[in-house]
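A quick write-up on the structure given underneath.
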Amino acid sequence: MVVHFDTQKMRLIFSVILFFGSFSSHSIADPVEDKQALLDFLDNIHHSHHVNWNKNSSVCDNWTGVTCDSNHSRVIALGLTGVGFRGSIPPNTLSRLSAVQILCLRSNALSGSFPSDFLQLKNLTSLVLQSNEFSGALLLDFSVWENLTILDLSDNHFSGSIPSSISNLTHLTSLNLSNNSLSGDIPDINVPSLKQLDLANNDLSGIVPRSLQSFPSWAFSGNNLSWENATTALRPTLPIHPPRTHASKRCKKLSESAILGMALGGSALVFVIIALLMICYSKKEKKTELPIKFQKKERSLEKKDGEPQGEDNKLVFFEGCDLAFDLEDLLRASAELLGKGSFGITYKAALEDATTVAVKRLKDVTVAKKEFEQQIGVIGNLRHANVSPLRAYYYSKDEKLVVYDYYEQGSVSTMLHGNSVEGRIPLDWETRLKIIIGTARGIVHIHFQNGGKLVLGNIKTSNIFLNSQGYGCISDAGLTTLMSPAVPVGMRAAGYRAPEVTDIRKATQASDVYSFGVLVLELLTGKSPLQATGGDEVVHLVRWVHSVVREEWTAEVFDIQLLRYPGIEEELVETLQIGLNCVSRTPDKRPKMAEVVEMVEAIRQSSTSN
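Letter by letter, the sequence shown follows residues -29 to -1, 1 to 581 of mature numbering (1 follows the signal peptide of the UniProt record, and there is no 0).
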């Protein structure tokens, strides 16, 4: 319920700040009067967190949460979420920001009555005071805000009735008054533009106005409301009174017969559904227990005439690997298909000694054995906490296998896009940030290997896993140089490829940076790099994010699952800026991965300190 509104709140904070402002030209002068009003506010209110507002610095360029217009002549947006403000808002401070359009003071400890001098802010389009300690009645004329589109006063202690003047806000699109102590009847808020409403968990009573009966029932839950005037089609399922019935005995008999028939029919239907589910489940179980598809072929390979025998046809393990099995053990293992990628098919192999590994069967390998072993040797000797270790390989004329550790949690792609799986928990911001940091560290380590010539060339969320500390751990490093240039790339993998790369074997460290940037945007938005729209059109994530930011709706890019976490707005925006820098179309303008690591770790430190 709260998440439904958080998208709008985020829009408040980000619609004109940070990104759009960071790419515009700087102005010489500051808005002097607005600057002084902000300093007066800060000097007269308790705040537990440091705010970098200094009279000697530029309010438009440096001050946290402040956005100016393009001329730097007025402050037009103020977003101060979770700063630790406590107490009443000093009068005649923020109300002097007469040009401000967006005002967000969410998740602080502000108290006292509703700041009545806010009514002087005639240009307000968005006002968010959610999650504070405001109290008292809302005896105000809200109609002075002619342009207000979003009003969020939720999670406070406001009491009294809902002002009828809200119905005069003809541009209102979102109203959230939930989790207060508001009482009395709900006024007839007949505003055609209103799209989102939440009045839950108050002390409201009476009948829900007909003008609001199209909104979902949860928007009114936690109140003492009735729906006596609601039509059958619009009547919600929760807070309604049961209908009064005065049926005759004949009708009662018919009703009992109907109920009995429905019960018997329902039981039969349930039985059929259970039987079908058992059949489907049985088929699924049989499918996952099938042996590895290359098993029979591999056994015959060992005895082919003209091929080396002995050591040349065995699994080759890398130094430091404590696994103890041979090719025969691997071929006897039961296997489960994990995925099909550009470089081959990956299986989960469960050996008889309870060891579980991931085995990738490479396809389209065109290099000779000597070159294959040289490149695999470089990859196998990579040792880093954020690089998935290559444990072993097998090479023959017809088959090439590589063996990695198996990660029980699955890939980041599964974690991010597989939320339909029962019991799966959406990734929180802390986890996503650690994935970004770990992946960046792993890429830096790889880029420093082999004289600075090693690249990954295949960075995507399906190749990222979580190590024991919960940080991103990257797999499939360096395999691109072994592949044929004609390897077909799936649509999803193509979304990670830098625009200058036409041959996967010629990927560069700069193209790795681009792919990493796409991965960052994917974690922030929750969207795949390429998405089919149902027709011939394909939406490219990078272009979509650029278009949203360009239209000044930066908040719209973020995954709705992230919007439930308070106080992370600045971190989201800073991370988004890193991602956009990485996906620059010009390779020379992309940062080095070492620089990226510094930037994301600074965000992590800020997150930890907060």
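Glycine included, each C-beta is placed from N, C-alpha and C at the ideal position. Here the structure is a predicted model, which is why all the values come from computation and not from measurement.
C-alpha gap between L71 and H21, whole angstroms
The sequence given here places Val at residue 71; Leu does not occur at that position. Each residue's alpha carbon lies about 23 Å from the other.
L492 and V516 look like a contact to me (Cβ under 8 Å); what is the Cβ gap, rounded to whole Å?
About 5 Å; that satisfies the 8 Å criterion.
Using a Cβ-Cβ cut-off of 8 Å (strictly less than) and excluding sequence neighbours within five positions of P115, which residues of its own chain qualify?
It is Val, not Pro, that sits at residue 115 in the sequence shown. If we look at V115 and ignore the five residues flanking it on each side, its Cβ neighbours are L90 and K93.
For R556, which of helix, strand or coil comes out of DSSP?
coil
Among S367, R362, R476 and P470, which residue has its Cα nearest to the Cα of R514?
P470
Please state whether the Cβ-Cβ distance between H65 and N103 is less than 8 Å.
The sequence shown places Leu at residue 65, not His. No, the Cβ-Cβ distance between L65 and N103 is not below 8 Å.
Member of L13, G497, L74 and Q184 whose CA lies at the smallest distance from the CA of P397:
Of L13, G497, L74 and Q184, the residue nearest in Cα terms is G497.
For the alpha helix (DSSP H) that F343 lies in, which residues bound it at each end?
K340 to G351
Sort L111, G449 and N79 by Cα distance to P86 and report the nearest one.
L111
6 Å Cβ shell around W34 - same chain, five flanking residues per side excluded:
Correct list, in chain order: W24.
With distance defined between alpha-carbon atoms, name the residue in E344, Y442, F314 and S106 nearest to I475.
F314
Let me know the secondary structure DSSP gives S135 once reduced to three states.
helix
Take the Cβ of M564 as the centre, count every other Cβ of all protein chains shown within 10 Å, and call the residue buried at 16 or more, exposed below.
Around the beta carbon of M564, a 10 Å sphere encloses 16 or more other beta carbons of the protein chains shown; the residue is thus reported as buried.
List, from N- to C-terminal side, the beta strand (DSSP E) runs of 3 residues or more that fit wholly inside the stretch 483 to 516.
If we require 3 residues or more, the beta strand (DSSP E) runs fully inside the stretch 483 to 516 come out as 501 to 503 and 509 to 511.
C-beta contact flag for Q502 and V510 at 8 Å:
yes
For A573 and S41, I'd like the C-alpha separation in whole angstroms.
29 Å
Measuring only the C-alpha atoms, how far is S486 from N172?
45 Å
Can you tell me whether H388 is helix, strand or coil according to DSSP?
H388: helix per DSSP, three-state reduction.
Please state the DSSP three-state secondary structure of L170.
coil
Determine the burial state of I17: buried for a count of at least 16 other Cβ atoms within 10 Å of its Cβ, exposed for fewer.
Before going further, note that residue 17 is His rather than Ile in the sequence given. Classification of H17: exposed, given that the 10 Å Cβ count is below 16.
Return helix, strand or coil for A565, following the three-state DSSP convention.
helix
Can you tell me which of the three DSSP states A190 falls into?
Correct three-state label for A190: helix.
Pick from P61, R403, L153 and S164 that is closest to S106, judged by C-alpha positions:
Residue L153 is the option with its Cα nearest to S106.
Could you tell me which residues DSSP puts in a beta bridge with G83?
F105
Within 8 Å, strictly: CB atoms of L353 and A478
no
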